[in-house]
Structure formats: C-alpha cells, structure tokens
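Residue numbers (the numbering used here): 71 to 363.
For each residue, glycine too, the CB sits at the ideal point set by N, CA and C.
All values reported here derive from a predicted model rather than from experimental measurement.
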Amino acid sequence: MDVTTNTVTILPIADIRVINPRTRNKKSFRELVESIEKIGLKRPITVAPNRRAGDGPAYNLVCGQGRLEAYKTLGQSEIPSVVIEASEEEVMIKSLVENCARRQHNALDLLRDIGGMKERHYTDAEIARKTNLSVEYVRGISRLLAQNEQRLLRAVEAEQVPLSVAVDIATVPDEAVQDALQQAYERNELRGRKLLIAKRLVENRRRRGKGIRVPITPRATSAASLLRAYQQDTDRKRILIRKAEAAKNRLLFITHALRELLSDERFHDILEKEGLSTLPKNLSGRIRKGEIA
Numbered sequence: 071m072d073v074t075t076n077t078v079t080i081l082p083i084a085d086i087r088v089i090n091p092r093t094r095n096k097k098s099f100r101e102l103v104e105s106i107e108k109i110g111l112k113r114p115i116t117v118a119p120n121r122r123a124g125d126g127p128a129y130n131l132v133c134g135q136g137r138l139e140a141y142k143t144l145g146q147s148e149i150p151s152v153v154i155e156a157s158e159e160e161v162m163i164k165s166l167v168e169n170c171a172r173r174q175h176n177a178l179d180l181l182r183d184i185g186g187m188k189e190r191h192y193t194d195a196e197i198a199r200k201t202n203l204s205v206e207y208v209r210g211i212s213r214l215l216a217q218n219e220q221r222l223l224r225a226v227e228a229e230q231v232p233l234s235v236a237v238d239i240a241t242v243p244d245e246a247v248q249d250a251l252q253q254a255y256e257r258n259e260l261r262g263r264k265l266l267i268a269k270r271l272v273e274n275r276r277r278r279g280k281g282i283r284v285p286i287t288p289r290a291t292s293a294a295s296l297l298r299a300y301q302q303d304t305d306r307k308r309i310l311i312r313k314a315e316a317a318k319n320r321l322l323f324i325t326h327a328l329r330e331l332l333s334d335e336r337f338h339d340i341l342e343k344e345g346l347s348t349l350p351k352n353l354s355g356r357i358r359k360g361e362i363a
C-alpha cells in the first residue's frame, strides 16, 4: 500500500464511501463529537481512490469512520483527508487491522475482525503483530470461532461474559473450567450476577454442548417467552450475518488470488494444457472488475 501524498486534502464528505462500517459506542461517539466541536479535528481521516468511482463515491474510507460521522453530525460537508493509493482489497484489510488496533475494543468487532483476518490466511503471529495483541490471546479467539462456541459467543454478544473469560473457558479442559472462573473472579472480571451467569453457562455447555438448541415444547405465551424468542431470533440472525461476512471474505481472497494467477503466462499455459480455457461468467466478471460484493 503506497502513500500518494502526505498532504492533507479537503474532500467532500459525500465523495467518501465506508466499505467496512462499524457500530459505535454512543457515549464515546458523543464525546468525540464534542471534542471536535470544541478544538477541531486532531488527525485527518485516510481514504483511497475508488477505482469503481462510476458506481458511487470517488473515495473509499481506510480509517477514521468515527471522525467522518462526527463531521456529518456537526453539519459539515467537507473533511480533512490524507489520500493513499490502495486497492479495494487492501482497503478492507487495512480497515480490519485499524479496527482491531483500537484501544477500546468492542468484543463483537474484535471477534469478527480477527475472524476476517484468519479468513484471509493471516497467521496468529501476524494478526498479533498487526493488532498489538498477544499471540496467545489471538490463538484463543481463533479457537473460539473455529470450535463454533455458540453459547460463549452469545454470552459475549449479550455482554454477560467478558471476551477474555470466554476465551479462557474455550481453551481449557473441562476439568479446569472452574479454575478459570475462579481466576476471573480474582481478577474482578466476574462478580455478582455475571459470575452466576457464567457458572450457569458453563454447566449448560457441559451438559448440552457448545451449540444452542432452541426448545420446541409448547408453552403458554408470556412477555418473558416473547422476549426470549425475540432474543433467540436475533442471535440466529447475528450468526447468519457473521457467516455471510465470512463467505464474502472467502470470495475476496479467491478473486484476488485468481486475478494474480491469471496475470502469470505460465499459469495460462497450464490451463490450456489441461483444457481449462474458460471461467464461469460470474467469476470472470468479478475478477475482471475487482468486485468483492
């Protein structure tokens, strides 16, 4: 990824597209807006030219979504920006790394972003180096995702169990789980209601497995049961969204790899010898245009 210029350029906000949007903490965002309103923008955002500008805005956002949204909230139409030269794939990867490297990690974003880099075949050591996390921690998160720890994922999403504790539970043998809970208690990560929830979660996980089974026994409808059904449906949708994003990331990797291979004449010769001179129309179009969606 090459820097086009270190000069700060004033760009119209309408010309900037966020291709990897994140959810934001309302309190932190409000503080950011107030800070920019009082003392101005401390650091410009980073963008890259949109090579498919005919399909939309002229630039893709690399990092600085919070600052961009704060400027919109303040009614601004332009924002100071540094323009770099990068492909859409590089912008996506850079954005993932930037999100992981933030000081205040959102647990869900952290899980998704590390999962995204794993899908792009980054090693645990490479992810740790890019995000300033320990290799052991990244390895634990990778295992949480790879082992399909649905119960733990749901608890993390509901902010019932800290991400670090969920990783501990997933990475230790069953007989050591209680020790992991005790250590979390001593670190003040699990106290009161959260400790009770974690113990119940561990017991359900031991008895019923890592996955989530939705009971189908008929029962009287109540406000509590409706709320529970709504929560379960929301959980399923979140899992589907994660799977869709994983599929998108795989497609990104495949199209990028094929585009690189097809630029090699020796690869063309191999295909011709094997009688593979054509590609499916949809795949060919994506490779030619550099599309990922």
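DSSP beta-bridge partners of residue i
i    : result
R358 : BP columns for R358 are empty, so no partner.
N130 : R87, A118
I149 : L81
Check whether residue i and residue j have beta carbons under 8 Å apart
i    : j    : result
L161 : A118 : Position check: residue 161 holds Val in this sequence, whereas Leu was assumed. Result yes, Cβ atoms of V161 and A118 sit closer than 8 Å.
P150 : A84  : no
V235 : L260 : yes
P91  : S147 : no
R190 : F323 : yes
A156 : I106 : no
A250 : I267 : no
Y129 : I163 : no
I154 : V132 : yes
G134 : F99  : no
T116 : V152 : yes
V226 : L233 : yes
I357 : L321 : no
A198 : S204 : yes
K200 : V231 : no
S347 : L353 : no
D244 : R277 : no
L138 : V103 : no
Residue i, DSSP secondary structure in three states
i    : result
R204 : In the sequence as presented, Arg is not what sits at residue 204; that position holds Ser. Coil at S204, not helix or strand.
E155 : strand
A81  : At residue 81 the sequence reads Leu, which differs from the Ala that was named. L81: strand per DSSP, three-state reduction.
P350 : coil
E107 : helix
A363 : Any reading at A363 needs caution, since the residue's pLDDT is 46, under 50, leaving its predicted position unreliable; the model's value is listed next. Of the three classes helix, strand and coil, the one that applies to A363 here is coil, per DSSP.
Y300 : helix
Y192 : coil
D305 : helix
T93  : coil
Q135 : helix
R261 : coil
N319 : helix
L310 : helix
P285 : With a pLDDT of only 47 at P285, under 50, the local geometry of the prediction cannot be trusted, and no value is derived from it.
K142 : helix
K343 : helix
E219 : coil
S333 : coil
R277 : helix
R113 : coil
T74  : Only weak support is given to the placement of T74: the predicted model assigns it a pLDDT of 47, under 50, and the value that follows is read from those uncertain coordinates. Of the three classes helix, strand and coil, the one that applies to T74 here is strand, per DSSP.
Contact between the stretch 209 to 222 and the stretch 182 to 198 (3+ Cβ pairs under 8 Å):
yes
At 4 residues or longer, and completely inside the stretch 228 to 259: list those alpha helix (DSSP H) runs for me, N to C.
233 to 241, 247 to 256
So does the stretch 260 to 277 actually touch the stretch 217 to 232, counting three or more Cβ pairs closer than 8 Å?
yes
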